[in-house]
Every structure is written in C-alpha cells, then in structure tokens.
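Below is one structure, written out as structure tokens, with a few remarks after it.
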Amino acid sequence: MNKALIFLFGATGDLARKKLLLAIGNLYAEGYISSDSQLICISRRNFTTKEFIDFANINNNPIVSIVKYIKMDFQNPDPIELIDIKNKFSKENDSFVQLSYLAVSPDYFLQMVDVLKKLDHEEHRIVFEKPFGKDLSHAKELNEKVQENFPEEKIFRIDHYLGKELVQNIFNVRFGNRLFEAIWCRQYIDSIQITVAESTGVEKRGSYYETAGATKDMYQNHLLQILSLVCMEPPLDMNPESIRDRKTELLRQIRKIDNKDVVFSQYDEGFIDLEPVNSYCQEDNVYEGSKTETYTATAVFVDNERWMGVPIFLRTGKRLATRVAEINIILKKPESKVLHSLLGEGNENIITIRIQPSEGISVSFMVKEPGPEMKLEKGHISFCYPCLFAFNTMEAYELALLEALNGDHTLFTRWDFVETSWEITQQILSFLPEQIMEFPDYKAGTDGPARAEKLISRYGRKWLPLLPTIVES
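Using the numbering used here, you'd call the opening residue of the sequence shown number -6 and step up by one each time.
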C-alpha cells in the first residue's frame, strides 16, 4: 500500500474526468493507495473543492475524502500554495510517494518543470502525458530542461496503450510460446497490418486536434509502440531497460519512408450507426477549410535479418466504420504446393491480436469442408480475454498509475525512444503538404480513403476489413 501525495495538473480536462480520477479511485478502493494519502487537483478554473467535485462528478468516487482543489494559471504558475501543502504533508509523514501527473497541453510542460522543481521530493514520480512535446524540436527542448532538473528514474513518459492487457500480451505471445516464436520472422510471415481505428470524431477536442492531427496523436506513440513490441528482438532479460533497449533499436532500423508509402486523409460527412455525422471541418473548434489529417496510413520496412523485405502496414483514423485496434500477422502460404490450387486468394493463415474491443487472440487456418469434394474452408482458434479475466483486469491508466507509484518504468517510454519516434513521425509528416488538396476524401462510417487501398495494393496486398469482433462469422 502506498501513502501518496498526488498532484494532478489539468484536473478539469477530459482525460482527468473520464480516466484518471476513476483510475485513482479504483486504486484507492482496492487498497493500493492508503486512506491517509492526499489528492491535489489543479486546474485553471475558479472552483472551490466542492464545486470541483460536482463538476468532475466524483461524489460517489471513494477518493472524494482525500481531494482538495487548487486553481492555477499554467501560463504563469505560482506554486506557493502547493509548496505549503507539500511541506505540511512532509512534516506529518516520514515516508510517502509523491506523484505529479501532467495531464495538460505540452504547451505548459516547460512552465510546469519549474513548478515541479520547487515541489521535488526524494520519492517523486513525474508523469508526462502524451505527447511528450509538440514536435521533435520542442520535445528535445523539454527533455533537456527535464533532465537538467530531475534524474531519469523520476521521469515517467506515459503511453497508456502500454497498460492495455493485449498490448502487454504481445510480448508474452511472442516469447512465451514456441508455437509463435519459431515462425516470427520473414521466412514465415508475409506481411503485418497494425490498425487503430476509431468510429468517433474529435468530439470536444477540436482545438487540440488542430495542433496534432492523426499522425502526431497516434503514430508518435501508440502505433510505433505496438510496432516495436511486434518486431523487436528478444531482450536479454525482463529488466525494463533491456526491453526498452530493444524497442528503440527496432525503431532505428526502420528504413527511410518514401512519399509513395504515406497516405493522409480527412473525413467528410457520413453516417455512423445509420445516424448522420459532421465532416471534420464542421466539428467544434475546427478551422473552416482545415487541412488537418484525420487518417494516416503508411507502409514501412525494417532493415534487419528478421524482417528484411516484409511490408508492415499501419493505419489510424477517426470516424471509421468501427472502433478497433488490432495486429494482424499474415503468414505465407505453405511451401508444399499440394493444396495451392485449392487455397485461392485471401486464405492465408492469420494471427490476430485484438487490443480493443473484445480483447483476444485468434488464429485462422484451413480445414476441409464436410462432404465428398475436396473444398477448403477457413476455421479459427480463438481466445477471448475478458471471458476468462474480466473481473481481474485493470484499466490501462489504472495499471500505469500503479506502476508509476511503485517506481516501475516498464510501461513508460525512455527518451531515446521518444526522440526516435518523433524523427519518424516528422519524416512522415513532411509529405503532408503534397496531399492536403485531396481533403476531405473519405466518408465518415467507411473503412477509409480509396488512396489507402491503392497504397497497399502496390505491394499486392489488401487491407483486412474493420470488424467489430475478432472473428468474422
């Protein structure tokens, strides 16, 4: 159990209200945070603690008894009230963990570092919400200032996708099963598809999205994290640094991306669940005629012995047909040509790791149809994760917060990974000006733009359909 002093900056934002306060409440209810802890919620709104509790709708959250609200101007922060709270807590408690969570725009990170320096504590964990920086230059400036003031062991750069059970299970599926370990290479794998699709639009985050777009919002962190876990070499051991070494090594082996291997797009009006929805440019806080991309697809290659020549296709987008995040490992056809005439197109073995929703793992394979004729049909072996573990799993942010409180960096990103991911992201974004004249060019409620199909077809492959369940019935 952790006795903790938690400073939550940006406490009135969507992330805090929808995810972080619930996660902290669950940790408190489950005994991971002690009852003599304190949660200081900090934001720019002029609230009393009672008004904040009502606004955040946490009256029934168990943390309500340890919450205190403080107003702060993040542009010109005055930390005196926070310093007083920290000093008082320190006098009353000999031993505790201090966690400072920055759920604010990267625009304020530099100012917040000055505040956090004045609040520093021996057992201080500083969590930076993604993205770490607005671009490569800003990320370097921020990292330089952070590392001037804090040792790396106090710095936790979060990517909550690393807290998702099936993302963590990529590692275990690969290295814990001879069945998969033996075939996880170019000799057996034809191609890989990594998809993070959302059916929602930008909702109330138009102002943020105008500064980010799909590429910064998803590629720089989630997609490249998944790619690194899928393709990295086996680490020397389970030490967090060994794993993070391998992930960064993998990113550095990605071949320079060609402009023909990148597609950007933006959603137009359409239908989701038979209901009409706006185009991106009609969303709140989005500029009229905006050229911000809401969809990005790429083909990448990893130049190492394991993956040389294997195309890896990544795609992410808003307002697509369904919400799904998954990895598809498409295997080559059997070397034996005995049944090649019966296999046809689209009957490859596929290993699917479904991250969300309906988390699970599926393996497709070919079987004979009943009857006198030799006809093949696709079958599946599927594992449903929530069916077995629904009541024993933590939400991604809950697990990440617990790991931060415990000082474990496994689910957090090191600077060299962040820097390399920004280099790749900016390389991709350098091709955006060439394509913005096409916007908007995919209807909301579809699988994305036709140009993305042309991208993958150049390599003789097709995107797998976006399905609400892991196995197509």
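Yeah, the Cβ is synthetic: ideal placement off N, Cα and C, and Gly gets one too.
Checklist line | Other residues of its chain near Pro99: CB distance less than 8 Å, five sequence neighbours each side excluded | finding: Within the sequence shown, numbered from 1, the residue matching residue 99 stands at position 106. Pro124, Phe125, Gly126, Lys127, His131 and Leu135.
Check: When you compare each of Pro433, Lys(-4), Arg407 and Val106 to Ser88 by their alpha carbons, which one comes out closest?
Finding: Walking along the sequence shown from the start, residue 88 turns up at place 95. Nearest of Pro433, Lys(-4), Arg407 and Val106 to Ser88, Cα basis: Lys(-4).
Item checked: Local conformation of Pro269 per DSSP, three classes -> Indexing the sequence shown from 1 puts residue 269 at position 276. The answer is strand: DSSP assigns Pro269 an E or B state.
Check: Going along the chain, which residues of its own chain have a beta-carbon closer than 6 Å to the beta-carbon of Thr285, five neighbours each way excluded?
Finding: Within the sequence shown, numbered from 1, the residue matching residue 285 stands at position 292. If we look at Thr285 and ignore the five residues flanking it on each side, its Cβ neighbours are Glu203 and Gly206.
Note to self: Could you tell me the alpha carbon to alpha carbon distance between Gln246 and Arg171, rounded to whole angstroms?
What the structure shows: Residue 246 sits at position 253 when you count from the first residue of the sequence shown. Residue 171 sits at position 178 when you count from the first residue of the sequence shown. C-alpha separation (whole angstroms): 25 Å.
Item checked: Three-state class that DSSP yields for Ser200 in the structure shown -> Along the sequence shown, read from residue 1 onward, the residue named residue 200 stands at position 207. Here Ser200 sits in helix by DSSP.
Margin query: Let me confirm a value: Ser235 is counted as buried when at least 16 other C-beta atoms fall within 10 Å, else exposed. Which label applies?
Written below: Within the sequence shown, the letter at position 242 stands for residue 235. Answer is exposed; the Cβ neighbour count stays below 16.
Next item on the list: Would you mind reading off the limits of the beta strand (DSSP E) that contains Cys274?
Entry: For the purposes of this step, residue 274 is identified with residue 281 of the sequence shown, where counting begins at 1. Where Cys274 is concerned, there is no enclosing beta strand (DSSP E), given that its DSSP letter is neither H nor E.
Notebook entry, point to check: Measuring CA to CA, which of Val108, Lys81 and Ile78 is closest to Asp66?
Noted result: The sequence position of residue 66 within the sequence shown is 73, counting from 1. The option with the nearest alpha carbon to Asp66 is Val108.
Next item on the list: Could you say which of Asn142, Ala175 and Arg312 lies nearest to Glu196 if we only look at CA atoms?
Entry: Position 203 of the sequence shown holds residue 196. Residue Arg312 is the option with its Cα nearest to Glu196.
Item checked: N-terminal and C-terminal residue of the alpha helix (DSSP H) that Tyr288 is part of -> Taking the sequence shown and counting its residues from 1, the one referred to as residue 288 is at position 295. That residue, Tyr288, is in no alpha helix (DSSP H); its beta strand (DSSP E) goes Tyr288 to Val293.
Next item on the list: Leaving aside the five residues before and after Phe102 along the sequence, list all residues of the same chain whose C-beta is less than 6 Å from its C-beta, in chain order.
Entry: The residue labelled residue 102 in the question sits at position 109 within the sequence shown. Within the same chain, Phe102 has close Cβ partners Leu135.
Next item on the list: Take Thr403 and list the residues in its own chain whose beta-carbon comes closer than 6 Å to its own, dropping the five residues that flank it on each side.
Entry: Working through the sequence shown from its first residue, we reach residue 403 at position 410. Excluding sequence neighbours, Thr403 sits near Pro233.
Margin query: Quick check on DSSP: helix, strand or coil for Asp183?
Written below: As a first step, residue 183 is located in the sequence shown; it is residue number 190 there, counting from the start. Looking at Asp183 - three-state DSSP - the assignment turns out to be strand.
Check: Helix, strand or coil for Ser30 per DSSP?
Finding: If you number the sequence shown from 1, residue 30 lands on position 37. Three-state DSSP puts Ser30 in coil, outside helix and strand.
Checklist line | Terminal residues of the beta strand (DSSP E) in which Tyr62 lies | finding: Against the sequence shown, residue 62 aligns to sequence position 69. First-last of the beta strand (DSSP E) with Tyr62: Val60 to Lys64.
Notebook entry, point to check: So Gly353 is in the alpha helix (DSSP H); what residue range does that whole segment cover?
Noted result: Numbered from 1 along the sequence shown, position 360 holds the residue referred to as residue 353. Element bounds for Gly353: not the alpha helix (DSSP H) but the beta strand (DSSP E), Gly353 to Lys361.
Next item on the list: Determine the contact status of Ala183 and Lys325, defining contact as a CB-CB distance below 7 Å.
Entry: Reading the sequence shown from its first residue, position 190 is the one you call residue 183. Reading the sequence shown from its first residue, position 332 is the one you call residue 325. Sequence check: residue 183 is Asp here, not Ala. Contact: yes.
Checklist line | Inside the region 125 to 170 only - beta strand (DSSP E) runs reaching at least 3 residues | finding: 148 to 151
Check: What separation, rounded to the nearest whole angstrom, lies between the Cα atoms of Phe82 and Leu(-2)?
Finding: Walking along the sequence shown from the start, residue 82 turns up at place 89. Walking along the sequence shown from the start, residue -2 turns up at place 5. Roughly 8 Å separates the two Cα atoms.
Note to self: Let me check understanding here. Comparing Cα to Cα, which of Glu341, Ser375 and Ser351 lies closest to Leu369?
What the structure shows: Translated into the one-based positions of the sequence shown, residue 369 becomes position 376. That would be Glu341, whose Cα lies nearest to the Cα of Leu369.
Check: Is it right to say Lys157 is buried, meaning 16 or more other beta carbons lie within 10 angstroms of its own, or is it exposed?
Finding: Working through the sequence shown from its first residue, we reach residue 157 at position 164. It is buried - the Cβ of Lys157 has at least 16 other Cβ atoms within 10 Å.
Notebook entry, point to check: On the premise that Ala318 lies in contact with Thr188, defined as a C-beta separation below 8 Å, what is that separation, rounded to the nearest angstrom?
Noted result: Counting from 1 along the sequence shown, the entry for residue 188 is found at position 195. Counting from 1 along the sequence shown, the entry for residue 318 is found at position 325. Indeed they touch by this definition, with Cβ atoms about 7 Å apart.
Note to self: Can you tell me which residues form a DSSP beta bridge with Phe405?
What the structure shows: Within the sequence shown, residue 405 is the residue found at index 412, counting from 1. The partner list for Phe405 (beta bridge, DSSP) reads Ile151.
Note to self: Check for me: the beta strand (DSSP E) holding Gly372 runs from which residue to which?
What the structure shows: For the purposes of this step, residue 372 is taken as the residue at position 379 of the sequence shown. Segment Leu369 to Cys377, the beta strand (DSSP E) holding Gly372.
Notebook entry, point to check: Exposed or buried, Ile35, counting other C-beta atoms within 10 Å across all chains shown (16 or more means buried)?
Noted result: Taking the first residue of the sequence shown as 1, we reach residue 35 at position 42. Per the 10 Å Cβ criterion, buried.
Next item on the list: Taking all protein chains shown into account, decide if Val360 is buried (16 or more other Cβ within 10 angstroms of its Cβ) or exposed.
Entry: Mapped onto the sequence shown, residue 360 falls at position 367. By the neighbour-count rule (16 or more Cβ atoms within 10 Å), Val360 is not buried but exposed.
Check: Grouping DSSP H, G and I as helix and E and B as strand, with all else coil, what is Phe121?
Finding: The sequence position of residue 121 within the sequence shown is 128, counting from 1. Reduced to three states, the DSSP call for Phe121 is strand.
Check: Can you give the beta carbon distance from Leu13 to Ala96, rounded, assuming they're within the 8 Å contact cut?
Finding: Here residue 13 refers to the residue found at position 20 of the sequence shown. Here residue 96 refers to the residue found at position 103 of the sequence shown. Rounded, the Cβ-Cβ distance is 6 Å, consistent with contact.
Item checked: Cβ neighbour criterion (16 or more within 10 Å) applied to Asp7 -> As a working mapping, residue 7 is identified with position 14 in the sequence shown. Result: exposed.
Item checked: Val255 in three-state terms, based on DSSP -> As a working note, residue 255 is residue 262 in the sequence shown. Strand at Val255.
Next item on the list: Run through the region 406 to 460 for me and flag every whole beta strand (DSSP E) of 3 or more residues, listed as ranges in chain order.
Entry: none
Checklist line | Where the alpha helix (DSSP H) through Val321 begins and ends | finding: Taking the first residue of the sequence shown as position 1, residue 321 is located at position 328. What sits at residue 321 in the sequence shown is Asn, not Val. Counting along the chain, Asn321 falls outside any alpha helix (DSSP H), though it belongs to the beta strand (DSSP E) covering Val317 to Leu324.
Notebook entry, point to check: Using the C-alpha atoms, what's the distance from Ser357 back to Phe306?
Noted result: Translated into positions along the sequence shown, residue 306 becomes position 313. Translated into positions along the sequence shown, residue 357 becomes position 364. Rounded to the nearest angstrom, the two C-alpha atoms are 20 Å apart.
Checklist line | Nearest-angstrom beta carbon gap, Ile463 and Lys474 [assumed within contact, 8 Å] | finding: Here the chain comprises residues numbered -6 to 466, so residue 474 is not present and cannot be evaluated.
Notebook entry, point to check: Hey, is Arg347 close to the ligand FMN, as in C-beta under 6 Å from one of its heavy atoms?
Noted result: Among the components modelled here there is no ligand, and therefore nothing to report on the ligand FMN.
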